[in-house]
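Order-wise, the sequence lines are chains X and U. Take the first sequence: its position 131, counting from 1, is numbered 144 in this note's numbering, and each next residue is one higher. Take the second sequence: its position 178, counting from 1, is numbered 191 in this note's numbering, and each next residue is one higher. Note that beta-carbon positions come from the ideal geometry of N, C-alpha and C, so glycine has one too.
Number of protein chains: 2
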Amino acid sequence: MIFSTMYVTGREVDALGDTMVVGRAALLDVLGTVGLDAFLDRLIGRMQHEITHLDPEVTHTRDRDGFHYTKPDLGLIEWMPAIDTGRRVSIKTVAYHPSNPFQRGVPSVLGTIAIYDCTTGALDGLVEGTVLTALRTGAATAVVSDVLAPRRPLTVSMVGCGAQAVTQLHALSRVRPIERVLAYDVAEEVAATIADRVGRVVSAPVELVPSDEHARLLADADVACTCTSVGIGEGPVLQPGPHKPDLHINAVGADFAGKTEIPYELLADALVVPDVTTQCVLEGECQQLEADQIGPSMDLLLRSGAEHPGRHQLSVFDSTGWALEDMVAAELVLDLAAEHGLGQWVDLQSVGVDPFDPYEGAV
Amino acid sequence: MIFSTMYVTGREVDALGDTMVVGRAALLDVLGTVGLDAFLDRLIGRMQHEITHLDPEVTHTRDRDGFHYTKPDLGLIEWMPAIDTGRRVSIKTVAYHPSNPFQRGVPSVLGTIAIYDCTTGALDGLVEGTVLTALRTGAATAVVSDVLAPRRPLTVSMVGCGAQAVTQLHALSRVRPIERVLAYDVAEEVAATIADRVGRVVSAPVELVPSDEHARLLADADVACTCTSVGIGEGPVLQPGPHKPDLHINAVGADFAGKTEIPYELLADALVVPDVTTQCVLEGECQQLEADQIGPSMDLLLRSGAEHPGRHQLSVFDSTGWALEDMVAAELVLDLAAEHGLGQWVDLQSVGVDPFDPYEGAV
């Protein structure tokens with residue numbers, strides 16, 4: 014993995030400098046300074062490049078693991094480690110608590126991404142992971158859709174109109190023109206605001222589809238995205254039915270054993286591309302499939318080039334979230350924060366003069 | 014697990030307040046404010062209590078996992094998760110790079126401990142983990158030695174005179190009087206300063222043992238501690254030989270597959286108490302043993318009470334580091350930082366008004 018810019022200089026001189034913290038406010042400053050479109054273009058470009066040129070001898074990720082619980086509410090806290098050997102380790106910790114928005118006014122997904130230096134083990138950077146998760150999940154959809162989505166102005170169906178819907182549509186719009194958006198959410202108050210939230214980054218009109226016309230979400234779409242908080246065992250969120258022959262679906266919501274969004278009938282007919290196969294069979298749409306029904310993983314798809322025949326058939330991107338995506342996204346944010354003097358240096362691991370005296374400085 | 018004090022108040026009102034960061038300087042402020050002895054007493058007391066009353070239905074830890082590598086130098090970065098169900102998750106990330114002190118003037122162990130709230134998933138606190146690792150490893154030694162070490166003023170042998178040696182001796186001194194210290198390190202410049210570093214917290218005289226009298230480290234000791242950076246396959250760091258019948262050894266250094274400090278001959282005769290059995294068979298002294306040679310784990314030992322018969326025989330504490338110890342230590346630091354107004358609030362995950370708008374606030 015080659016990154017074009019280094020975000021920390023002088024590491025040889027001060028191996029344990031402060032930790033660069035880019036919280037939500039600073040991340041929004043970065044986005045505002047660079048521009049939302051330009052940021053997503055750079056993120057999509059880097060992700061495309063890093064995944065296409067992935068050397069598995071150098072860059073590994075571990076499957077997501079974590080604590081899943083039902084007390085005090087249904088939720089999970091997970092860790093997603095990645096290593097770029099000889100350079101750095103990233104660990105994203107991500108929490109999913111679907112009752113957050115409704116009970117607490119807080120996003121359902123919260124997280125942070127930590128970047129460690131492999132020479133010393135120091136924590137170099139810590140980046141807010143809520144907005145960044147939405148952005149990198151959007152970018153992953155864009156990277157795969159750029160290969161598998163029809164090459165025409167798109168009608169995009171959004172099932173689930175929360176935070177992820179905004180970045181899904183925004184990222185898609187950077188690789189294909191979007192002509193119109195059909196939107197649906199079981200929570201009417203969430204659906205009611207999607208046009209405003211999306212309107213800022215995507216110019217296509219957003220039409221809310223009523224429940225009794227739900228079949229249009231499949232029938233009229235060139236691309237569909239599902240990004241819902243559907244409960245375990247309560248899926249799917251799309252119904253089988255007529256669809257365009259080259260429909261591409263980005264299934265983004267599944268992230269919990271038993272949670273699925275896409276009906277088996279569609280999956281069985283589709284080229285299904287998991288982001289991380291071992292993870293998708295546990296938490297993604299691939300839970301519903303046998304091994305021989307699962308297509309190439311995202312990295313293999315990208316390596317096979319932009320003319321993959323999957324573009325001409327029904328396809329599903331089973332996006333459960335890949336630690337590599339987080340590493341790439343956090344690196345980009347740290348690079349840009351350094352470039353524009355944003356973020357906050359925090360004295361977390363500074364050391365004394367004597368590495369053998371743990372009490373040095375205690376008075 | 015019951016903690017007597019809560020370190021965050023008003024969580025119901027502001028579910029996503031800032032994150033409390035206690036870096037090294039702030040941790041030293043905490044230690045200085047509370048006093049080194051008082052801090053260790055509280056840490057030892059809490060750890061003893063929490064482990065003794067551990068309810069495995071409520072509190073779980075995951076075995077340490079991580080990336081181990083040889084580029085650019087031998088090192089590892091690992092994660093150690095723990096959950097106190099319904100309350101919080103802690104994840105320590107810890108790095109071990111044995112060339113740090115000699116090549117970079119940086120401790121070999123670096124780390125951070127993150128505490129997450131299980132209701133929202135928010136990162137509540139982040140504590141420096143280098144000094145704290147030395148402290149909690151010392152406290153774990155004290156907790157086990159309080160059961161297994163002879164009840165008399167101790168001659169303590171230290172093999173390895175780095176940062177851990179200071180906290181090993183300090184913590185031991187809180188549960189037993191120390192009469193004298195015998196110290197040895199292959200690096201003479203490290204051995205040369207241990208008396209000064211230890212003298213601040215332990216009043217016993219420190220005698221450096223020359224290489225050709227190495228056998229005294231075993232023969233004269235009531236308690237021995239090994240905390241070295243011995244290379245993989247280069248152990249043991251003690252040689253088999255005559256020793257007191259009720260010698261207790263705290264084997265602290267092993268933390269890497271192939272790294273061991275204690276000779277098999279001693280282990281085979283001893284009651285061996287692992288901190289985390291599944292981890293010790295991979296990274297600790299238990300690598301050298303068959304299952305039936307391994308004694309009760311630390312929590313079982315503590316639950317069996319202070320009059321365990323192991324006190325009257327040769328015993329070894331195989332201390333590889335337990336995520337629960339980190340959770341307890343980080344909680345204590347956050348409690349004390351709150352109590353004394355220390356540490357730094359960092360805006361990491363603050364949210365906007367609309368949990369469904371990832372771009373809210375980007376200008």
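Would residue i pass as an interface residue toward chain U - the criterion being a Cβ-Cβ separation below 7 Å?
| i | result |
| --- | --- |
| residue 260/X | no |
| residue 101/X | no |
| residue 55/X | no |
| residue 349/X | no |
| residue 90/X | yes |
| residue 229/X | no |
| residue 272/X | no |
| residue 37/X | yes |
| residue 334/X | no |
| residue 118/X | yes |
| residue 41/X | yes |
| residue 145/X | no |
DSSP three-state label for residue i, please.
| i | result |
| --- | --- |
| residue 370/U | coil |
| residue 346/X | helix |
| residue 293/X | helix |
| residue 240/X | coil |
| residue 18/U | Note on residue 18/U: pLDDT 27, under 50, position unreliable in the model; the coordinate value appears next. If DSSP states are grouped into helix, strand and coil, residue 18/U belongs with coil. |
| residue 46/X | helix |
| residue 364/U | coil |
| residue 94/X | strand |
| residue 251/U | coil |
| residue 261/X | strand |
| residue 216/X | coil |
| residue 68/U | coil |
| residue 279/U | helix |
Tell me where the alpha helix (DSSP H) around residue i begins and ends.
| i | result |
| --- | --- |
| residue 63/X | 49-65 |
| residue 123/U | That residue, residue 123/U, is in no alpha helix (DSSP H); its beta strand (DSSP E) goes 122-130. |
| residue 183/U | 176-186 |
| residue 157/X | 143-161 |
| residue 11/X | A question about residue 11/X goes unanswered here, because the residues of chain X that appear run from 14 up to 376. |
| residue 77/X | Looking at the DSSP string, residue 77/X is not in any alpha helix (DSSP H), and its letter there is neither H nor E. |
| residue 87/U | Segment: none, residue 87/U is in no alpha helix (DSSP H) and carries neither H nor E. |
| residue 117/U | 113-117 |
| residue 316/X | 311-316 |
How far does the beta strand (DSSP E) with residue i in it reach, from first residue to last?
| i | result |
| --- | --- |
| residue 357/X | 357-359 |
| residue 330/U | 328-331 |
| residue 221/U | 219-221 |
| residue 287/X | 284-287 |
| residue 229/X | Segment 228-232 is the alpha helix (DSSP H) holding residue 229/X; no beta strand (DSSP E) there. |
| residue 167/U | 167-172 |
| residue 195/X | 191-197 |
| residue 324/U | Run containing residue 324/U: none; DSSP gives neither H nor E here. |
For residue i, decide whether its Cβ has a neighbour in chain X, counting only Cβ atoms nearer than 7 Å.
| i | result |
| --- | --- |
| residue 218/U | no |
| residue 45/U | yes |
| residue 110/U | yes |
| residue 150/U | no |
| residue 375/U | yes |
| residue 98/U | yes |
| residue 15/U | Caution is warranted here: a pLDDT of 29 is assigned to residue 15/U, below 50, making its placement in the model unreliable, and no coordinate value can be reported. |
| residue 210/U | yes |
Do the region 208-226 of chain X and the region 369-376 of chain U meet, that is, are 3 or more Cβ pairs less than 8 Å apart?
Result yes; three or more Cβ-Cβ pairs closer than 8 Å.
Against chain X: residues of the region 286-305 of chain U by CB proximity under 7 Å:
none
Flag this pair as touching only if the region 80-88 of chain U and the region 97-110 of chain U have three or more C-beta atom pairs under 8 Å; answer yes or no.
yes
Inspect the CB distances between the region 256-275 of chain U and the region 326-334 of chain U and report whether three or more fall short of 8 Å.
Of all C-beta pairs linking the region 256-275 of chain U to the region 326-334 of chain U, three or more are shorter than 8 Å, placing the two stretches in contact.
Contact list for the region 359-373 of chain U against chain X, Cβ threshold 7 Å:
Within the region 359-373 of chain U, the qualifying residues are 359, 360, 361, 362, 363, 364, 368, 369, 370, 371, 372.
Pair every Cβ in the region 278-291 of chain X with every Cβ in the region 346-358 of chain X, then say whether three or more of these pairs are closer than 8 Å.
no
Using 8 Å as the threshold, is the region 140-148 of chain U in touch with the region 168-183 of chain U, meaning 3 or more CB pairs across them?
yes
Are there three or more Cβ pairs, one per stretch, closer than 8 Å when the region 123-142 of chain U is compared with the region 28-44 of chain U?
yes
With three or more C-beta pairs closer than 8 Å as the rule, is the region 313-328 of chain U touching the region 245-253 of chain U?
No, the region 245-253 of chain U does not touch the region 313-328 of chain U.
Taking contact to mean 3 or more Cβ pairs, one atom from each stretch, closer than 8 Å, check whether the region 126-133 of chain X and the region 92-105 of chain X are in contact.
Contact between the region 126-133 of chain X and the region 92-105 of chain X is present, because at least three Cβ pairs lie under 8 Å.
What residues in the region 165-179 of chain U bring their beta carbon closer than 9 Å to a beta carbon of chain X?
Cβ contacts with chain X: 174, 175, 176, 177, 178, 179.
Any 3 or more C-beta pairs closer than 8 Å across the region 295-315 of chain U and the region 251-261 of chain U
no
Would you call the region 152-168 of chain U in contact with the region 44-61 of chain U, where contact means no fewer than 3 C-beta pairs closer than 8 Å?
yes
Three or more C-beta pairs below 8 Å linking the region 214-233 of chain X and the region 183-193 of chain X
yes
On the three-pair Cβ rule with 8 Å, is the region 324-331 of chain X touching the region 64-76 of chain X?
Contact between the region 324-331 of chain X and the region 64-76 of chain X is absent, because fewer than three Cβ pairs lie under 8 Å.
Using a beta-carbon distance cut-off of less than 9 Å, what residues from the region 122-139 of chain X approach chain U?
Listed in sequence order: 122, 123, 124, 125, 127, 129, 130, 131, 132, 133, 134, 135, 136, 139.
When you check each C-beta in the region 65-89 of chain X against every C-beta of chain U, which residues fall closer than 9 Å?
73, 75, 78, 79, 80, 82, 84, 85, 86, 88, 89
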